[in-house]
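Novice: Before we start, here is the structure in question, set down as structure tokens.
There are 2 protein chains.
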Amino acid sequence: MNFTSDKEELLNAVQVVQRAVSLKNPLPILSGIKFEAEEGNVVISATDLELGISYSFPAEVIEQGKAVLPAKVITELVRRFPDVTIFFKSDPLNGSVTVKYGQSEANINGYPVEEFPELPLPVGDTKFSIPGEILKEVISQVIFATARDENRPLYTGVLFEISNGEVNIVATDTHRLAWRKILLDNIGELNINLIIPGKTLNELIKVAGLSDQPLEITVAENQVIFKTENVYLVSRLIGGNFPNYRQVIPNDYVTRTRLKARDLAEASERAALLAREGAPVIKINIGDNILVVSVNTEAGRVREEISVFQEGEDLRFAFNARYLSDALKAIGTEEVILEFTGPLSPVIIKPVGEMEYLSLLLPVRLREES
Amino acid sequence: MNFTSDKEELLNAVQVVQRAVSLKNPLPILSGIKFEAEEGNVVISATDLELGISYSFPAEVIEQGKAVLPAKVITELVRRFPDVTIFFKSDPLNGSVTVKYGQSEANINGYPVEEFPELPLPVGDTKFSIPGEILKEVISQVIFATARDENRPLYTGVLFEISNGEVNIVATDTHRLAWRKILLDNIGELNINLIIPGKTLNELIKVAGLSDQPLEITVAENQVIFKTENVYLVSRLIGGNFPNYRQVIPNDYVTRTRLKARDLAEASERAALLAREGAPVIKINIGDNILVVSVNTEAGRVREEISVFQEGEDLRFAFNARYLSDALKAIGTEEVILEFTGPLSPVIIKPVGEMEYLSLLLPVRLREES
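Chains A and B, in that order, give the protein sequences. According to this note's numbering, the stretch in the first sequence is residues 8 to 377, in order. According to this note's numbering, the stretch in the second sequence is residues 8 to 377, in order.
This is how it looks when you write it as structure tokens:
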């Protein structure tokens, strides 16, 4: 392997793939980044066996070849390179790579190339594409509702339910649920349910330059592959049957309010400061076009008033303040609608506008009446 | 206590004093911030008994009085206030404070005001002043050489040796030493040695708005007080005799080189990536107006060449790369001079120019020759 590149290309590349480097795995090879010099470009890859990322960038390749270098060393070194042309040359006998920059050089000992696990190829007929910016928006609207608890793997994923030309995207940790529907004109007869790990989607939206390109998605057995011009991301799928989300979404309401998302999110966060630690429960009262957020604990009291447009009965509820503010911030529109069916039924939070999106949040049952 | 203020004043004030809030002390009162409304201004204070900070800001005071509020709650609440006028009113019966902002209000339970330790007044004749920007520069040039290890308290402090109209400022952790001398025209006959905790100085340089005001310094028994128009910072002094720093500074050299501080700092940091973890030892060879930084470990090798102006013998040395780059970054001038007396004697690092500053760094003894 023998190629030259510039610092910015290299830095961008290692920053993208290092998201898949395994920091905890006992296999040393997984703490490496693989370099492959091909005709006119270099592909670098990392994987923790659950998630794999490749990134290709144009380079002047003098000799094709491969090497695997320790991710920590090469990433930190690239970050600290001066802004000059960088020369890479591997020694196929011992797997080491010599890197020249200006008057200086480093020789980094590598790992055996043949031990690095191959990322699977995008084979299979189950293919469709989605504009990067749409996928980014959709993920940011549902990801907050996934569970963090790895003991319930199903809830750490996001459901992509594809059928009849539409995609329903759903996440839930059983306390809250977020749902978005989009229409795609290229999914034809496709009829498939994918549960993609939240971690994969989190990394996917962070990958630089993703939003201005269409993403090609290929589904293989137990795996899903996302592909753009430069990025190739492969992830395991989560097995199992996602719960029937349709049956938990109420069809009716007794009270409906319209308000500014930011007003309620900020009031909830302030009120949470005086709530009990752990589960910051706040109370919400709606009446006479005023929504009141309140908390009353041994630390003190908060009472915030927000003007709303109210339809229907007066109501009182209690919520986890963090969950409420997560949901309000995820929507992305200035105004939102809250629909309530009863004190123990979930509240529905919707954007004002045409977007097919909602999240729902279970209230907290209050022990004492106050 | 009854006053009104705006969010920005309050936010600035709590951010300054919260540096002195005790997070670990078992006395709950030390986790509080004291508010004192006086005629035309409000003073807020925090202390962990080693360091105390007060900040005063103009406010419309309707009724004078005091209250102590939990620092965490009030700091986070102020950070999240909308940008409106904020009304504070205390209830002297129970020590709680009602805060009104827009249509909303919080009532925060406080601590007993009488339990809050008084910060000492700036009494005593030992007084002088120093321009804020000079003190900031001086601290940033020596603070890196203080020890972190609380078991050697003397070395966690910075010596201010004041006599004959000059101030020598010195820090050392016994592996390295930094010295700066400044002249002050207002210290007259003053003859005193102060050892000020590094933590105090670190907080001092972070206090907003410090650099554009002169700092008035008062020395009381075991304590030092720094005062500007708004800020009042009191700290314990460290007892003991600071080592005689003059005798460890070599007067002569066999080799002297001039180079760009940044070139050597960056080369050291890159080389350290391939050094052994823990104590990242790098080698330096000087000859023919070239300084070579090198490392050779099981992880690989680095060799960097830097053009220098060399006077005197060729030399080879080994250093802790982190210590070397700390010293080079602290100087603050583009070009520096390195003076070497021998392979086991400290190197001296000086700025090019008139500034009376130097730091010295002990080399590492190399076990094997290579």
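From the three backbone atoms N, C-alpha and C, an ideal C-beta is built for every residue, glycine too. Predicted, not measured: the structure shown is a model, and the values here were computed from it.
Within the same chain, show all residues whose beta-carbon is closer than 7 Å to that of A/Lys359, passing over the 5 residues directly before and after it, in chain order.
Specialist: It is worth fixing the name first, because residue 359 of chain A is Val in this sequence and not Lys. Taken in chain order, the residues that qualify are Arg265, Thr340, Glu342, Val343 and Ile344.
Novice: How about A/Gly307 and B/Asn114: are their beta carbons less than 7 Å apart?
Specialist: Result yes, Cβ atoms of A/Gly307 and B/Asn114 sit closer than 7 Å.
Novice: Run through chain A and tell me which residues come within less than 7 Å of B/Asn114, C-beta to C-beta.
Specialist: The contacting residues are Gly307 and Arg308.
Novice: Out of A/Ser170, A/Ile212, A/Pro124 and A/Asn171, point me to the one whose CA is closest to A/Ile150's CA.
Specialist: Of the listed residues, the one whose Cα sits closest to A/Ile150 is A/Ile212.
Novice: Alpha carbon to alpha carbon, how far is B/Ile146 from B/Leu208? Give it in angstroms, no decimals.
Specialist: The straight-line gap from Cα to Cα measures roughly 7 Å.
Novice: Taking the Cβ atom as the reference point for each residue, do A/Phe42 and A/Ala74 lie within a distance shorter than 7 Å?
Specialist: Yes, Cβ-Cβ distance for A/Phe42 and A/Ala74 is below 7 Å.
Novice: Just checking my contact of B/Ile356 with B/Ala325 at CB under 8 Å: how many whole Å lie between their CB atoms?
Specialist: About 16 Å; that fails the 8 Å criterion.
Novice: Taking Cβ positions only, does A/Val214 come closer than 7 Å to chain B?
Specialist: Judged by the 7 Å Cβ criterion, A/Val214 is not in contact with chain B.
Novice: Using a C-beta cutoff of 7 Å, does B/Gln110 count as contacting chain A?
Specialist: Yes - at least one Cβ of chain A is within 7 Å of the one on B/Gln110.
Novice: What's the C-alpha gap between B/Asp55 and A/Tyr260?
Specialist: When rounded, the distance between both Cα atoms is 53 Å.
Novice: Applying a beta-carbon distance threshold of less than 8 Å, which residues of chain A neighbour B/Ser103?
Specialist: Here the neighbours are Gly307.
Novice: Contact defined as beta carbons within less than 8 Å: I believe B/Ile51 pairs with B/Val85. What is the distance between those atoms, to the nearest angstrom?
Specialist: Actually they are not in contact, since the Cβ atoms of B/Ile51 and B/Val85 sit about 10 Å apart, beyond 8 Å.
Novice: Does DSSP put A/Asp333 in a helix, a strand or coil?
Specialist: Residue state, collapsed to three classes: helix.
Novice: My output table needs one value for B/Lys79: the three-state DSSP class, helix, strand or coil.
Specialist: Residue state, collapsed to three classes: helix.
Novice: Name, please, each residue of chain B whose Cβ falls closer than 7 Å to the Cβ of A/Glu312.
Specialist: By Cβ distance, chain B contributes Gln110 and Ser111.
Novice: Closer than 6 Å by C-beta to A/Lys107: which residues in its own chain qualify, once you throw out the five before and the five after it? Chain order, please.
Specialist: Same-chain partners within the cutoff: Phe94.
Novice: Are A/Ile245 and A/Pro160 touching if we call contact CB-CB under 7 Å?
Specialist: In this structure, A/Pro160 lies closer than 7 Å to A/Ile245 by Cβ.
Novice: Determine whether the Cβ of A/Glu342 lies closer than 7 Å to any Cβ atom of chain B.
Specialist: Closer than 7 Å: no.
Novice: Taking C-beta pairs closer than 7 Å, name the residues in chain B that A/Val80 reaches, listed in chain order.
Specialist: Near A/Val80 (Cβ distances below 7 Å), the residues of chain B are Leu280, Leu281 and Ala306.
Novice: Just checking: is the beta-carbon of A/Leu197 within a distance shorter than 7 Å of some beta-carbon in chain B?
Specialist: Closer than 7 Å: no.
Novice: Kindly say whether B/Leu84, judged by its beta-carbon, lies nearer than 7 Å to any beta-carbon of chain A.
Specialist: Chain A, which has a Cβ nearer than 7 Å to the Cβ of B/Leu84, makes this yes.
Novice: Quick one: which chain A residues come within Cβ less than 9 Å of B/Arg277?
Specialist: The answer, in chain order, is Glu83, Leu84, Arg87, Phe88, Tyr108, Ser111 and Ala113.
Novice: Identify every residue that forms a DSSP beta bridge with B/Ser61.
Specialist: The partner list for B/Ser61 (beta bridge, DSSP) reads B/Ser52 and B/Tyr239.
Novice: Find the residues of chain A that neighbour B/Ala274, judging by a C-beta separation of less than 9 Å, and give them in chain order.
Specialist: The contacting residues are Ser111.
Novice: Classify B/Ala334 as buried or exposed, calling it buried when 16 or more other Cβ atoms lie within 10 Å of its own Cβ.
Specialist: Counting Cβ neighbours within 10 Å, B/Ala334 comes out buried, since at least 16 surround it.
Novice: Can you grab the Cα-Cα spacing for the pair B/Ser170 / B/Leu128, in whole Å?
Specialist: Spanning the two alpha carbons is a distance of roughly 25 Å.
Novice: As an exercise, report each continuous alpha helix (DSSP H) stretch of at least 4 residues that is fully enclosed by the segment 227 to 299 of chain B, in chain order.
Specialist: Taking only runs of at least 4 residues, the alpha helix (DSSP H) segments lying wholly in the segment 227 to 299 of chain B are 268 to 279.
Novice: Would a C-beta distance cut-off of 7 Å place B/Val214 and B/Val177 closer than the cut-off?
Specialist: No, these two residues do not count as a Cβ contact at 7 Å.
Novice: On the three-state DSSP scale, how would you describe B/Val343?
Specialist: Strand, per DSSP.
Novice: Between B/Lys79, B/Ser103 and B/Met8, which has its C-alpha nearest B/Ile69's C-alpha?
Specialist: The option with the nearest alpha carbon to B/Ile69 is B/Met8.
Novice: Of all the options A/Asn248, A/Asp132 and A/Trp186, which has the alpha carbon lying nearest to the alpha carbon of A/Ile224?
Specialist: Selected option, being the one with the closest Cα: A/Asp132.
Novice: Kindly indicate if chain A contains any beta-carbon less than 7 Å away from that of B/Ser377.
Specialist: Any reading at B/Ser377 must be qualified, since the residue scores a pLDDT of 44, below 50, and its modelled position is unreliable; the value itself is stated next. Output row for B/Ser377: interface = no.
Novice: In angstroms with no decimal places, state the Cα-to-Cα distance between A/Val49 and A/Gly109.
Specialist: Computed Cα separation, rounded: 21 Å.
Novice: Let me make sure I understand the geometry here. Which of B/Leu280, B/Leu331, B/Asp156 and B/Arg187 has the alpha-carbon closest to that of B/Leu166?
Specialist: The residue with the shortest Cα to Cα distance from B/Leu166 is B/Arg187.
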